[in-house]
Structures are given as C-alpha cells and as structure tokens.
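Protein chains: 2
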Amino acid sequence: MARRSDHTHDEIRAMAVAAARAKIENAGLDKVTLRGIARDIGYSPGTLYNVFDSADELMMRVNAGTIDDLVAALSAAERNGAEPDLRALLAIYRDFVEQNRHRWQAVFDYSLSDPGAAPDWYVAKLNDGLAVVERAVARLPGDFPYPPAVVARVIWAGLHGIFSLGAEGNLKLVTDRDAADLAEALIALIDRAIRH
Amino acid sequence: MARRSDHTHDEIRAMAVAAARAKIENAGLDKVTLRGIARDIGYSPGTLYNVFDSADELMMRVNAGTIDDLVAALSAAERNGAEPDLRALLAIYRDFVEQNRHRWQAVFDYSLSDPGAAPDWYVAKLNDGLAVVERAVARLPGDFPYPPAVVARVIWAGLHGIFSLGAEGNLKLVTDRDAADLAEALIALIDRAIRH
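Heads up: the protein sequence lines correspond to chains A and B, in order.
Here the first sequence stands for residues 1 to 196, where the numbers follow the UniProt record's numbering.
Here the second sequence stands for residues 1 to 196, where the numbers follow the UniProt record's numbering.
Encoded structure:
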C-alpha cells in the first residue's frame, strides 16, 4: 500500500467520506469497512483512526452528507417565500429516495453503537429536515390533535416504514400498490385528519 | 459432531425451526447460520439442506411462526364476535413487538433472496394479520378516501417505520416521544381522517 503524507487531516477526512459514500452508492452499506476505505484512498487504517474518532464518526459524516442533500432539496421548495404543501414535499422525498436508494437506506440502517452519543451537528441536520415538513404541516387549515412537530415525525417515520418495506420487496407480498402509492395515501390521510 | 438418524424429516424441520427461533430471540438474526443451527440440533448442514429447500425456507418458517403468534393475538381480540377498534389492536401489536423484539425485527430484516418466490402459505399468513386490521378500519363510521385494505397497509408500514426507528435508537434523536406515543398519534390521525 502506498503511504502518502501529502494531505492535511481535513483533506483525508473529505477523501474518506467521499470514498465511503461511493462505496455505499455502488455496493451498499455492507461493503463498507474502515480497512477498505483506507485502501481506496491509499492510507493505512491507522491513519483513518487518527483523523476520525471512530468508524462511527466516518459513517455519520457520510449520512450527514445524505441528509444535507435531502434537506437542501426540501428547503429549495421554500425558496423565494414559496410555501410547499405536504404533497410537494413528498414528491421531493420520493424522488430523492429513488435516486439515492443505498445512501438513504444507510442513514437508517447504520445504528450507532451508542445512539445517545450522536453529535449535536448530526442531530441538528436531522431536525432541519423535519422542520421543513413541520412548517408545511403547520400551514394546513384546521385544528391539530397533535403538535405539528409530532405530526411531522409521524410522517417521517411512516414514510421510512413504507419506503423500507418497498425497497426490501416486502410490500409487494401484501398489496399491488407500490411505495409511492402508499406514501401518497399516508399524506392524504394525515392532511384530511388535520383539515377535519 | 454426533450424527443422529432417529428423527423423521418433519421432526428435524421442527427442531431446526425451534433452534433458529431461540437463537434469534437470544442473540439476534445476525447470529443465525445454517451451520450453527445444524450444530445446535446435532445434525450436519447437509441434513438441513436435505429437509429444507434452502436457508431461506428455514428463516421463512421461523418468521411464519412469529407472524402466526401475532395473528393469533390479534384474532383473539375478535373472539365471541367482539369488534376491536384500531386502538385495541395497536395495544396488542405494541405489546407483541416489545415482548418479541428480535423475532419481530427478523420478519422485516430478513430479505428473501427472491421476494417474488415467497411461498403462498407465507403470504397468506401476512395477509391474515392485515385482514384483522382491515376489518377494524372498515367498521369505522365515515367515508373512505382509500379502500380499507389500503388504509390497513398504510398503518402496517407506518407502524413498522415507527417501531423500527424506535428500536434502532434513531427516534430519540428527533423527538422526546417514544415509539408507542407516535404509533398512537398515527392511529388517531388515521381514525380522524376516516371519521372526517
């Protein structure tokens, strides 16, 4: 293995994150090992342990990039004061999940060794994405049996269930509808519950 | 390894399913290998390949037992002509998931190599469970923007998302509510959408 020392720590971090992201997109989360990523960028595993606190941190940086990209897509719908409704946000989410299937699944499949230790910047990103959904919920006319923040999280978890079951092939065992159809039904039902 | 030949094929199948179930409950799905299960029951891996079409079939038999147990619990709520509402069914589902966490996760985590090849008896069991939910939906007063069969599947997938995220520790990153709270909110919102 070529040992190089012509990169700063920040550069090595960025290279490792990019390599892990590419590996996930092309081969899935199962194929990512710190050793493999080190080889991909021409450094030793020890170097990666020097620049990341742990393998967890590397994975969280990759997942944070994924969440960043989704939050950016959702936020773009609010540009120039636009007020996207839940259906518009669902379309953005659905397209993102379909175009970034492996990366998106990794956000959920990668359980932290210690979830309580998730860094603040990671949690902040997740909540930024949810805030866009929360604002769309809060704009609905009607009354709220639950606060918009709770409704947004029900939507987030519900969509995750629908798209996960769809991706794994379990959905088609029990219905002719695809994940996009069921997601639309979930959103329409929640919209209707609030307009009650 | 002791090679025994004092069991019928049906007995060996039952022993292997019981051993795999115990392994999942005690150690999680990751620890189940056909080789390990064979060792646990004192037979060679070759014998297991003789009595099961594939490792997939063994896992599906285990999962079918899990679904059987849940469907039995849901169906018991309909005993003597009782008509359980969605909240009552949710309580049964929640208790089952909490008491059988590993087994329940295995139903979802175990992707078939070829989902299109899931045997009819497995698919029938899944749909039996959904039929109980579907009947509870159909009993709601109000009108249905989607057929009860679709609403039942939205509930099923939505609850799966909520309880999966809860089990993995991801839920607590974005809300103080636990999985049971969000599940109750999902059911209440859908109930309200239909009573509209």
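By construction, the Cβ of each residue, glycine as well, lies at the ideal position given by its N, Cα and C atoms.
Chain A residues whose Cβ lies nearer than 9 Å to that of residue i
i	result
P141 of chain B	Residues of chain A passing the Cβ test: none, with the nearest at roughly 14 Å.
A131 of chain B	Going along chain A, no residue has its Cβ under 9 Å from A131 of chain B, so there is no contact; the nearest lies around 10 Å.
F52 of chain B	Here the premise fails: no neighbours, minimum Cβ distance about 20 Å.
Within chain B, partners of residue i - CB distance below 8 Å
i	result
Y146 of chain A	A185, A188 and L189
T175 of chain A	A149, V150 and R153
L89 of chain A	Per Cβ cutoff of 8 Å: no residues; L89 of chain A is ~16 Å from chain B at best.
Environment of residue i [buried if 16+ CB atoms lie within 10 Å]
i	result
P84 of chain B	buried
A82 of chain B	exposed
A185 of chain A	buried
K23 of chain A	buried
Q105 of chain A	buried
A136 of chain B	buried
R21 of chain B	buried
A157 of chain A	buried
Interface residues of chain A facing residue i [CB-CB closer than 8 Å]
i	result
V154 of chain B	G158, I162, L182, A185, L186 and L189
V63 of chain B	Looking at the sequence shown, residue 63 of chain B is not Val but Asn. Under the 8 Å cutoff, chain A gives no residues; its nearest Cβ is about 11 Å from N63 of chain B.
L165 of chain B	F108, A157 and H160
N26 of chain B	Per Cβ cutoff of 8 Å: no residues; N26 of chain B is ~19 Å from chain A at best.
Proximal chain A residues relative to residue i, where beta-carbon distance stays under 7 Å
i	result
R192 of chain B	P145, A193 and H196
V71 of chain B	Residues of chain A passing the Cβ test: none, with the nearest at roughly 13 Å.
N127 of chain B	V174
residue 200 of chain B	Only positions 1 to 196 of chain B appear in the structure, and residue 200 of chain B is not among them; the question remains open.
Pairwise C-alpha distance: residue j and residue i
i	j	result
R195 of chain A	L165 of chain A	29 Å
R94 of chain B	I187 of chain B	12 Å
H9 of chain B	L48 of chain B	9 Å
L90 of chain B	L159 of chain B	9 Å
R192 of chain B	E78 of chain B	22 Å
H102 of chain A	N170 of chain B	18 Å
R39 of chain B	P119 of chain A	43 Å
I162 of chain B	I155 of chain B	10 Å
M1 of chain B	D56 of chain A	The predicted model places M1 of chain B with a pLDDT of 47, which falls under 50 and marks its position as unreliable; any figure quoted below should be read in that light. Each residue's Cα considered, the two are about 40 Å apart.
D143 of chain A	I190 of chain B	15 Å
A59 of chain A	N26 of chain B	A small correction: the amino acid at residue 59 of chain A is Met; Ala does not occupy that position in the sequence shown. About 28 Å.
F108 of chain A	T33 of chain B	24 Å
V6 of chain B	G46 of chain B	Correcting the residue type first, residue 6 of chain B is Asp in the shown sequence and not Val. Using only the alpha carbons, I get a separation of about 16 Å.
I37 of chain B	R87 of chain B	39 Å
E11 of chain A	R35 of chain A	18 Å
E98 of chain B	L70 of chain B	12 Å
K31 of chain A	P141 of chain B	50 Å
N80 of chain B	N100 of chain B	27 Å
residue 271 of chain B	A138 of chain A	What the structure shows of chain B is the stretch from 1 to 196, and residue 271 of chain B is not part of that stretch, so it cannot be assessed.
F96 of chain B	D68 of chain B	12 Å
G42 of chain A	Y110 of chain A	25 Å
E168 of chain A	G28 of chain A	13 Å
residue 200 of chain A	D128 of chain B	Here chain A covers residues 1 to 196 and nothing more, so residue 200 of chain A does not appear.
Partner residues on chain B for residue i, Cβ-Cβ distance less than 7 Å
i	result
A118 of chain A	L173
V123 of chain A	L173
N80 of chain A	Those do not exist, as N80 of chain A stays about 28 Å from chain B at its closest Cβ, beyond 7 Å.
Residue i: CB within 6 Å of a non-hydrogen atom of the ligand SAM
i	result
D176 of chain B	The ligand SAM is not among the ligands present in this structure, which contains no ligands whatsoever.
Touching by the beta-carbon criterion (3+ pairs, under 8 Å), the segment 55-69 of chain A and the segment 148-156 of chain A: Contact between the segment 55-69 of chain A and the segment 148-156 of chain A is absent, because fewer than three Cβ pairs lie under 8 Å.
contact_flag[the segment 128-139 of chain A, the segment 65-81 of chain A] where n(CB pairs < 8 Å) is 3 or more: Cβ pair count under 8 Å is three or more, so yes.
Contact between the segment 164-181 of chain A and the segment 166-182 of chain B (3+ Cβ pairs under 8 Å): no
Cβ contact (3+ pairs, closer than 8 Å) linking the segment 119-128 of chain B and the segment 150-167 of chain A: At 8 Å Cβ cutoff, the stretches do not touch.
Contact the segment 52-61 of chain B vs the segment 12-29 of chain B: 3+ CB pairs below 8 Å: yes
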